[in-house]
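Numbering (the working numbering), first residue to last: 64 to 128.
Here you go:
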């Protein structure tokens, strides 16, 4: 049972890490592209992405206990 719990925790940590990396890349590359292309500053969406990341971390930590 402990081995299965450890495997699930590692899987969730991997998912959180991948989601974090994807959101960071989106913020760094995608928003910069749109800002240049459209002339809009989309940094205002960063707090929303941060909230989504926090939600993901909270949900995944709920599975580890």
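Each residue gets a CB set at the ideal place from its N, CA and C atoms; glycine is no exception.
Host alpha helix (DSSP H) of residue i (start-end)
{"i": "residue 75", "result": "65-88"}
Close Cβ partners of residue i (< 6 Å) along its chain, the five nearest in sequence each way excluded
{"i": "residue 128", "result": "Confidence is the limiting factor: at residue 128 the pLDDT is only 48, short of 50, which leaves the residue's position unreliable, though a coordinate-based value still follows. Hits under 6 Å: none found."}
Own chain residues within Cβ distance below 7 Å of residue i, not counting five before or after
{"i": "residue 83", "result": "116"}
{"i": "residue 80", "result": "none"}
{"i": "residue 66", "result": "none"}
Residues of its chain near residue i, where Cβ-Cβ distance is below 8 Å and the 5 sequence neighbours each way are ignored
{"i": "residue 86", "result": "112, 115 and 116"}
Near the ligand FMN: residue i beta-carbon under 7 Å from a heavy atom
{"i": "residue 71", "result": "Looking at this structure, you won't find the ligand FMN or any other ligand, since it has none at all."}
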